[in-house]
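Numbering (our numbering), first residue to last: 1118 to 1282.
Written as structure tokens, this is what we have:
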């Protein structure tokens, strides 16, 4: 069994593009909240609530996916919820709406994380776990690097219009 198979490559690409897009939103979030007139404390509240919900979702989806054994649809749903909720940030006009969109996005992220790991583990041999998981983490990190750079370029191209980004 090759370690870089369709599953590993697909998960790696999903990690790249998902992290790329959410890092664009994360990079502009503080300035976007300020443009809405939100106090700085909103950023902490938003990130705290979103991270907390993500942690609980990880616990629940890990348990659920072990029982159900149908991992791919759950992973796809998690990625879909994350991307749609991140895109919904562009439709917000108040800090509480940003809180709601970001929280739902991070719920999706929490749902997909243990499922993604189980899919990776099932797709390769024990001897190649390190390569498969390393590849996925590399692709995720690449998205984390390219995302903020893309946000900067988009802000410059859109005359700092946060809704356009």
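Cβ coordinates follow ideal geometry from the N, Cα and C atoms, glycine included.
- Linking residue 1278 to residue 1154 through their CA atoms gives a straight-line distance of about 15 Å.
- Under the three-pair Cβ rule at 8 Å, the region 1248-1257 counts as touching the region 1124-1143.
- For residue 1269, the uninterrupted alpha helix (DSSP H) segment begins and ends at 1246-1274.
- Considering only 1244, 1274, 1183, the residue with the shortest C-alpha distance to residue 1236 is 1183.
- 8 Å or more divides the Cβ of residue 1262 from the Cβ of residue 1232.
- Secondary structure note for residue 1156: it is in no alpha helix (DSSP H), with a DSSP letter that is neither H nor E.
- The straight-line gap separating the alpha-carbon atoms of residue 1140 and residue 1275 is approximately 18 Å.
- Here residue 1171 is near residue 1227, since their CB atoms are less than 8 Å apart.
- The beta carbon of residue 1216 sits closer than 7 Å to the beta carbons of 1162, 1163, 1166 from its chain, once the five residues preceding and following it are set aside; these are given in chain order.
- When 1148, 1199, 1188, 1136 are compared, the shortest CA-CA separation from residue 1280 is found for 1148.
- Under the rule that a run must span 4 or more residues, the alpha helix (DSSP H) segments found entirely inside the region 1122-1155 read 1123-1152.
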